[in-house]
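What follows is a single structure, written as structure tokens, with notes after it.
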Amino acid sequence: MNCHYARSGLITLIIVLLAFPLAVLAQDKPSLMPPQDFIAFDTPNDDGKSISLIWKASESDREGVYYIIYAATSSKGPWKEQYRVLSTTRFKSDAPQYFGLSKDNEKWHFYEVTDINENPLSITTPTYFKLAVTDGTNTIAFPGIALSMPQGNWFDTSKINVLVFVIVFSFLVMYFISLARKNLNLFIRHIPGLDAIEETIGRATEMGRPILYLNGLLDMSSLSTIASTSILGKVARKVANYDSQIKVPCYDPIVMSVCQEVVKESYLEAGRPDAFKEDNIFFITNDQFAYAAAVDGIIVRHKPAANLYMGYYYAESLLIAETGAVSGAMQIAGTDSITQLPFFITTCDYTLMGEELYAASAYLSREPLQLGSLKGQDFGKGFIILMLVVGTIVSTIGYPFFVNLVRTF
Amino acid sequence: MTPEKNNKTIDTILLIIFVAFLLGINIFLFSGKYLHFDTQGVGIVVAAFLTLAMYSFLYKDNPLFKIAEHIFVGIGMGMGVVLTWLQVIKPLLYKPLIRHAIFDNTPGTPDYILIVPMILGIFMFARLYGKTSWLSRWSFAFIVGGGAGIGIPVIINSLILKQLEPSLQPIFVDWVVTWQSINILLILVGTISVLIYFFFSLPHKGTIGGISRIGIWFLMISFGATFGYTVMGRMSLIIQRIQFLLTDWLHIIK
Chain A
10 MNCHYARSGL ITLIIVLLAF PLAVLAQDKP SLMPPQDFIA FDTPNDDGKS ISLIWKASES
70 DREGVYYIIY AATSSKGPWK EQYRVLSTTR FKSDAPQYFG LSKDNEKWHF YEVTDINENP
130 LSITTPTYFK LAVTDGTNTI AFPGIALSMP QGNWFDTSKI NVLVFVIVFS FLVMYFISLA
190 RKNLNLFIRH IPGLDAIEET IGRATEMGRP ILYLNGLLDM SSLSTIASTS ILGKVARKVA
250 NYDSQIKVPC YDPIVMSVCQ EVVKESYLEA GRPDAFKEDN IFFITNDQFA YAAAVDGIIV
310 RHKPAANLYM GYYYAESLLI AETGAVSGAM QIAGTDSITQ LPFFITTCDY TLMGEELYAA
370 SAYLSREPLQ LGSLKGQDFG KGFIILMLVV GTIVSTIGYP FFVNLVRTF
Chain B
155 MTPEKNNKTI DTILLIIFVA FLLGINIFLF SGKYLHFDTQ GVGIVVAAFL TLAMYSFLYK
215 DNPLFKIAEH IFVGIGMGMG VVLTWLQVIK PLLYKPLIRH AIFDNTPGTP DYILIVPMIL
275 GIFMFARLYG KTSWLSRWSF AFIVGGGAGI GIPVIINSLI LKQLEPSLQP IFVDWVVTWQ
335 SINILLILVG TISVLIYFFF SLPHKGTIGG ISRIGIWFLM ISFGATFGYT VMGRMSLIIQ
395 RIQFLLTDWL HIIK
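Residue numbers (the working numbering), protein chains in the order written: chain A, 10 to 418; chain B, 155 to 408.
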């Protein structure tokens, strides 16, 4: 009897000893679980060209386990495998522009479908999706079908912080414009380069030589070109008053037309419409280095007394400004092109750096609209400084609130 | 002989020597079969001539530079017209709209909304005739207004928010000062001082003046780095040109 019990005990022990490593092994690699909560929906905040598929991350997700996405244009098929997603990749947290910054996003898989069989998704009929999970030997399908249709969105909610900033800045600018309309004596600090403009025009008049004015290489939609044409208006008015001459070789035909209008207007305001010569504002070419070569030619042949380079420039900046420096002309540059600023600083007598270009126009004209804009921008900068200081302190303490507030996608 | 006339004579002699040198070298290159008399060979000779003509500006303004300059501007302009047709007018206006009006059997439906930008484009030409030139202002208003409208959110996004995000980093992690802390502090001080330099509503005197001076230092250091970096880029351009002259044209370097 005792012997029988001893034998049974030994067998049980052997079974337990054998079963234990197997159980541990099974715990390391949990058996394949079916996909859960598979949903298809129109991708939010997009232009209506994709469908988002999401499903819950599973405990059986690991290297070697893949999710297979099938698609069809009808609920009855035919179904065709479209994508194979490694189960340790593709989470909702990878697309904060669609799903925000919630911690819960790490628990959901996400796949953005943009085409079926290399054809764009239909926007009139739904596309059907099936999901399965496989580890190479077993395959388990989600027991259902998900369907959706892409739709363009009017609002991109991931850019709400941009909208808030636009509203805050616009409010500041509008408030200060109304303030400037009541009081034109708003203070603007001295900008040395601008005081020199008057001097250059006087010098050109005395020497009987023209003034060369360049608008940079960008088109009329660029802020630096808009600022440049605005400064051109003030310069042209002074030129008309002094009865001097201004030459404006242009890189862009539309900028040329705007410049012609602006200069013509300035001559009218100065009471000298007869002195305006449309041919002095001319188009050269919209090839960068051909333009530079032509401007160099103008500088050495016409020998302008002063060169004004206002706007955005690229690699041609040094070619032009160096030729101007060698010709002995007085040079004033103004650009928001960070990479070209060093070249203007080394070759020009005065350089308006970055925002000084935008400020220049307001400084010269003292118009309420421009004065108010400048003041509004200043307070915007004050707001940014405050955000930087407070935000850094708050994030050092351990709260990423401000970082999330300014995060863009 | 006046100094001006003397200079002109020297220039003429130099020009003749240069042209003779070019002719001699090219005759040698073609006769020695270093260059083949085909489109590629002639192209290399033209490119070499234009390169040297452009560099002749380093001596002074001269007829060779003028020839190269005018060729350059003319080709640039011509290429601009062709590219405007191929990349703008043809795919954006002719194919989706105008082609349907000309040919009956064009597949697809015409995109009628394109009539609006087409009319705005035609208004630009109204400038050529005095009485209708005011029409072009509509187009300009659209371009300037649209440009500013599209540009402002982009600038707020890329130049303010995208710059703010990496600046708002914790200075210390677990209250331990590391090199990263010093780096973050430097960036913070640099950003704030430069922003104060660009503050136009306060005079640069006293504390503000001092902070903006620090801002200028930061700006100049960054400009110095940019200057050096760009000069290195330009060096590679001149090396490319010299390589072309010595390898493709003169065959001195194999």
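A virtual CB, placed ideally from N, CA and C, is assigned to each residue, including glycine.
Looking at chain A, is there any beta carbon in it that lies within less than 9 Å of the beta carbon of residue i?
| i | result |
| --- | --- |
| B/Glu158 | no |
| B/Arg367 | no |
| B/Ile252 | no |
| B/Ile336 | no |
| B/Phe352 | yes |
| B/Ser185 | no |
| B/Val330 | no |
| B/Phe381 | yes |
| B/Thr345 | yes |
| B/Arg424 | Look at the range of chain B in this structure, 155 to 408, and you will see that residue 424 of chain B is not part of it. |
| B/Glu406 | Per the sequence presented here, residue 406 of chain B reads as Ile, with Glu not at that position. So no, B/Ile406 is outside the interface. |
| B/Ile304 | yes |
| B/Gly301 | yes |
| B/Pro271 | no |
Looking only at DSSP bridge pairs, what is residue i linked to?
| i | result |
| --- | --- |
| A/Val74 | For A/Val74, which the question treats as bridged, DSSP gives no partner whatsoever. |
| A/Arg93 | A/Ile77 |
| A/Asn128 | A/Ile125 |
| A/Gly161 | A/Asp56 |
| A/Ile341 | A/Leu317, A/Tyr359 |
| A/Val142 | A/Tyr76, A/Ile149 |
| A/Pro258 | A/Phe291 |
| A/Lys65 | A/Gln45, A/Trp117 |
| A/Gly280 | Paired residue(s): none; A/Gly280 is not in a bridge. |
| B/Phe191 | Paired residues: none, contrary to the question. |
| A/Thr136 | A/Ser157 |
| A/Phe50 | A/Ser61 |
| A/Tyr222 | A/Leu317 |
| A/Phe100 | A/His118 |
Does residue i get closer than 9 Å to chain B when you measure Cβ to Cβ?
| i | result |
| --- | --- |
| A/Pro351 | yes |
| A/Lys243 | no |
| A/Val267 | yes |
| A/Glu270 | yes |
| A/Glu365 | yes |
| A/Ser404 | yes |
| A/Leu140 | no |
| A/Lys390 | yes |
| A/His311 | no |
| A/Thr133 | no |
| A/Asn170 | yes |
| A/Met183 | no |
| A/Phe231 | Looking at the sequence shown, residue 231 of chain A is not Phe but Ser. For A/Ser231, the answer is yes, since a Cβ of chain B falls inside 9 Å of its Cβ. |
| A/Thr344 | no |
Would residue i be called buried (16 or more neighbouring beta carbons within 10 Å of its own) or exposed?
| i | result |
| --- | --- |
| B/Ser347 | buried |
| A/Asn316 | buried |
| B/Lys159 | exposed |
| B/Tyr266 | exposed |
| A/Asp70 | buried |
| B/Ile181 | exposed |
| A/Phe119 | buried |
| A/Pro258 | buried |
| A/Tyr372 | buried |
| A/Arg99 | buried |
| A/Gln91 | buried |
| A/Thr209 | buried |
| B/Val330 | exposed |
| B/Leu340 | exposed |
| B/Ile403 | Strictly speaking, residue 403 of chain B in this sequence is Trp, with Ile absent from that position. It counts as buried. |
| A/Thr294 | buried |
| A/Asn224 | buried |
Within 8 Å: the Cβ of residue i and any heavy atom of the ligand HEM?
| i | result |
| --- | --- |
| A/Ala236 | Looking for the ligand HEM in the displayed structure turns up nothing, as the structure carries no ligands at all. |
- Task: Count the C-beta pairs between the segment 310-326 of chain A and the segment 232-248 of chain A that are closer than 8 Å, then say yes if the count reaches three, no if not.
- Result: yes
- Message: Extract the residue ranges of the alpha helix (DSSP H) inside the segment 270-350 of chain B, only unbroken runs of 4 or more that lie entirely within it.
- Response: 290-309, 316-321
- Item | Uninterrupted alpha helix (DSSP H) stretches inside the segment 358-396 of chain A (no shorter than 4 residues) | 364-374
- Message: Could you check whether the segment 109-118 of chain A touches the segment 177-196 of chain A, counting it as contact only if at least three pairs of C-beta atoms, one from each stretch, sit closer than 8 Å?
- Response: no
- Item | Cβ contact check for the segment 384-393 of chain A and the segment 128-138 of chain A: 3 or more pairs under 8 Å | no
- Message: Restricting to runs no shorter than 4 residues, where is the alpha helix (DSSP H) found entirely within the segment 191-218 of chain A?
- Response: 201-216
- Message: For the segment 213-224 of chain A against the segment 301-314 of chain A, do three or more pairs of beta-carbon atoms, one drawn from each stretch, fall closer than 8 Å, so that the two count as touching?
- Response: yes
- Task: Answer yes if the segment 57-73 of chain A comes into contact with the segment 149-160 of chain A, meaning at least three C-beta pairs across the two stretches below 8 Å, and no otherwise.
- Result: yes
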